[in-house]
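**Student:** Have a look at the structure that comes next, please.
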Amino acid sequence: MNIDLAVILCLVNEDKNRQFDAYAAAITAKMLQNCPEQQAFLERFDIHYYIADNPKDMSIARVVDADYSEDGQNLRKGKSFGVVLNKSVLSKLETEDELAFVLGHELSHIMYQKEYPAVLKLNEDEEIACDCNAVKLLDAGGYNLADINAIDALYVQNNFIGQRIRARKDFMAKNDYNTFVRIGCSTPLQKDTFMHLQKEPWCRENIFEFGNPGIDRIVSELKDIFEKGDKSVFVRGFDAFLNKCSTAESSQIIMSVLGRVMSECPSITEVYDKQGLRKYYNHPVFVMSNIVLSQFKREGKKLLPPKELAVVNRYMLENSFYFEQKDKKIWQPLRDTIAYKVAECGKEGR
Ligand SMILES: [Zn+2]
């Protein structure tokens, strides 16, 4: 899960969430094994189940693009999804059958958004289509259809829900779903998989805590930030570490890092144009801009290795949209140093 998204959703830490993830995955597997076509369709995606601990949120569940690369809600393009269940509402449920219905509904949203025909044709209203498909899944899994009433009861105040309930009941009547057949056969909800879970701050470890982690480690952390977000610990840790170095050392480390990410990652212009703002703000060059500004403002001798200098210079020219328009002021101290260095080299050449 993208760390930025996990923070927004008040998710429980991923490691502690695993037991619940496995439990929910087993419930959905039980339903999907009897719906092989839906199962094959959903197997193309990576889907995990998360607990959110956010008492203010009265919705029971939602599905999100776990990569959070676009706007966080774009299921159409996504490949990995998080089905997020709200602990406070979930704790009001009593049976696994009730949870199965909720999970079936959320999985149906993925299929609906991906334009899976059998779900699309159920109803032109997405919520109703997802409810109807959840009925199908619930029945296929041998769960108790009567338990859907408990979910309805949670939202009985909401006017729109009444319409949804009627549409679902029509669908069930038309397709001969028998609500009474498994009455009294519900499975108790395994609340121990989630009741103890609490929202925790998600953040990365500070790789600079014990001194210099090395260029490789710094570059791989930047690439991980690009993928999963949360740059704050890295930026603070890196800057504090460099402040303990001389300006000569600091500038060399920065240039080595810039040289690597500027040759190994997609360009910042391309990311801005094609991958959206979230990715842009987590781009290695954007993340490094904070450190560059603070370190190149320091008084003292700067050392710029020629090989990296050439890479950085070329990259700045090729991405002038960013270095000339977007973040010109931030990069100015480095640009001034580079210009100085270039002028110096020119002098030597004469
Ligand atoms: Zn829904």
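Residues in the sequence shown are numbered consecutively from 7, following our numbering.
We treat Cβ as the ideally placed atom computed from N, Cα and C, and that holds for glycine.
Please read all numbers here as calculations on a predicted model, not as lab measurements.
For the alpha helix (DSSP H) that contains I116, what are its first and last residues?
**Tutor:** What you label residue 116 is simply residue 110 of the sequence shown in a count that begins at 1. Looking at the DSSP string, the run of the alpha helix (DSSP H) that includes I116 is 102 to 119.
**Student:** Judging by CA-CA distance, which residue of K303, L299, S238, I224 is the nearest neighbour of G265?
**Tutor:** Stepping through the sequence shown from its first residue, residue 265 is reached at position 259. It is I224 whose Cα lies nearest to the Cα of G265.
**Student:** At a threshold of 7 Å, does C136 count as lining ligand 1 (C-beta to nearest heavy atom)?
**Tutor:** Here residue 136 refers to the residue found at position 130 when the sequence shown is read from its first residue. Yes - ligand 1 has a heavy atom lying nearer than 7 Å to the Cβ of C136.
**Student:** State the beta-bridge partners of N92 as determined by DSSP.
**Tutor:** As a position in the sequence shown, residue 92 is number 86, starting the count at 1. According to DSSP, N92 bridges with A58.
**Student:** Does DSSP put R50 in a helix, a strand or coil?
**Tutor:** By one-based count along the sequence shown, residue 50 stands at place 44. Reduced to three states, the DSSP call for R50 is coil.
**Student:** Among E132, M201, K142, whose alpha-carbon lies nearest the alpha-carbon of F26?
**Tutor:** Residue numbering aside, residue 26 sits at position 20 when the sequence shown is read from its first letter. Closest by alpha carbon: M201.
**Student:** In this structure, does DSSP put D342 in helix, strand or coil?
**Tutor:** Start at 1 with the first residue of the sequence shown, and residue 342 comes out as number 336. In this structure, DSSP gives D342 a helical state, which the three-state scheme calls helix.
**Student:** Just to confirm, does E133 get its C-beta within under 7 Å of one of the non-hydrogen atoms of ligand 1?
**Tutor:** Translated into the one-based positions of the sequence shown, residue 133 becomes position 127. Checking every heavy atom of ligand 1 against the Cβ of E133, one is found closer than 7 Å.
**Student:** Cα-Cα, which of Y55, C251, F214 is closest to I66?
**Tutor:** Indexing the sequence shown from 1 puts residue 66 at position 60. The option with the nearest alpha carbon to I66 is Y55.
**Student:** With distance defined between alpha-carbon atoms, name the residue in Q338, R242, E324, N288 nearest to L11.
**Tutor:** By 1-based counting over the sequence shown, the position of residue 11 is 5. The candidate whose alpha carbon is nearest that of L11 is N288.
**Student:** I'd like to confirm something about H115: is its beta-carbon nearer than 7 Å to some heavy atom of ligand 1, or not?
**Tutor:** On the sequence shown, position 109 is the one that residue 115 refers to. At least one heavy atom of ligand 1 is nearer than 7 Å to the Cβ of H115, so yes.
**Student:** Check the C-beta distance from R172 over to D137 and give it rounded, since I have them as a contact under 8 Å.
**Tutor:** Against the sequence shown, residue 172 aligns to sequence position 166. Against the sequence shown, residue 137 aligns to sequence position 131. Rounded, the Cβ-Cβ distance is 11 Å, inconsistent with contact.
**Student:** Could you please give the first and the last residue of the uninterrupted alpha helix (DSSP H) stretch that includes A254?
**Tutor:** Looking up residue 254 in the sequence shown gives position 248. Note, A254: alpha helix (DSSP H), 253 to 270.
**Student:** Give every residue of the same chain whose Cβ lies closer than 6 Å to the Cβ of E112, excluding the five residues on either side of it in the sequence, and list them in chain order.
**Tutor:** On the sequence shown, position 106 is the one that residue 112 refers to. If we look at E112 and ignore the five residues flanking it on each side, its Cβ neighbours are A67, V69, V89.
**Student:** Given a cut-off of 8 Å on the beta-carbon distance, is the pair Y74 and A106 in contact?
**Tutor:** Indexing the sequence shown from 1 puts residue 74 at position 68. Indexing the sequence shown from 1 puts residue 106 at position 100. No. Outside cutoff.
**Student:** My output table needs one value for G78: the three-state DSSP class, helix, strand or coil.
**Tutor:** Indexing the sequence shown from 1 puts residue 78 at position 72. Reliability fails at G78, whose pLDDT of 47 lies under 50, so the model's placement of it is uncertain and no value is given.
**Student:** Where do the ends of the beta strand (DSSP E) carrying R68 lie?
**Tutor:** If you number the sequence shown from 1, residue 68 lands on position 62. From DSSP, the beta strand (DSSP E) with R68 extends over 67 to 71.
**Student:** Hey, out of E270, V267, Y286, whose CA is closest to E276's CA?
**Tutor:** Along the sequence shown, one-based indexing puts residue 276 at 270. For E276, the nearest C-alpha among the options comes from Y286.
**Student:** Return the chain-ordered ranges of every alpha helix (DSSP H) run that is complete within the region 302 to 332 and spans a minimum of 4 residues.
**Tutor:** Counting whole runs of 4 or more residues, the region 302 to 332 contains the alpha helix (DSSP H) stretches 312 to 324.
**Student:** For the alpha helix (DSSP H) containing D3, list its first residue and its last residue.
**Tutor:** Here the chain covers residues 7 to 356 and nothing more, so residue 3 does not appear.
**Student:** Report buried or exposed for N129, applying the criterion of at least 16 other Cβ atoms within 10 angstroms of its Cβ.
**Tutor:** The count along the sequence shown starts at 1 and reaches residue 129 at position 123. Buried: at least 16 other Cβ atoms inside 10 Å.
**Student:** Could you tell me the distance, in whole angstroms, from the CA atom of E20 to the CA atom of K205?
**Tutor:** Counted from its first residue, the sequence shown places residue 20 at position 14. Counted from its first residue, the sequence shown places residue 205 at position 199. One C-alpha to the other measures close to 10 Å.
**Student:** State the DSSP-derived secondary structure class of K205, mapped to helix, strand or coil.
**Tutor:** The sequence position of residue 205 within the sequence shown is 199, counting from 1. Correct three-state label for K205: strand.
**Student:** Suppose contacts are defined by Cβ-Cβ distances below 8 Å. Is C271 in contact with K229 by that definition?
**Tutor:** Taking the sequence shown and counting its residues from 1, the one referred to as residue 271 is at position 265. Taking the sequence shown and counting its residues from 1, the one referred to as residue 229 is at position 223. Yes, the Cβ-Cβ distance between C271 and K229 is below 8 Å.
**Student:** Could you tell me the alpha carbon to alpha carbon distance between K83 and Y122, rounded to whole angstroms?
**Tutor:** For the purposes of this step, residue 83 is taken as the residue at position 77 of the sequence shown. For the purposes of this step, residue 122 is taken as the residue at position 116 of the sequence shown. Going by the C-alpha atoms only, they are around 14 Å apart.
**Student:** From L38, D342, I116, I9, pick the residue whose C-alpha is nearest to that of K308; which is it?
**Tutor:** One-based indexing of the sequence shown puts residue 308 at position 302. Here the closest residue by C-alpha is D342.
**Student:** Just to confirm my understanding: we take G78, look at its own chain, exclude 5 residues before and 5 after, and list those with CB closer than 7 Å. What are they?
**Tutor:** Residue 78 sits at position 72 when you count from the first residue of the sequence shown. Only weak support exists for where G78 lies, its pLDDT of 47 falling under 50; the coordinates are left without a value.
**Student:** G355 to E215, Cα distance in whole Å?
**Tutor:** The count along the sequence shown starts at 1 and reaches residue 355 at position 349. The count along the sequence shown starts at 1 and reaches residue 215 at position 209. Unreliable placement is indicated for G355, whose pLDDT of 43 sits below 50; the coordinate value is still reported in the next sentence. Straight-line Cα distance between these residues: approximately 43 Å.
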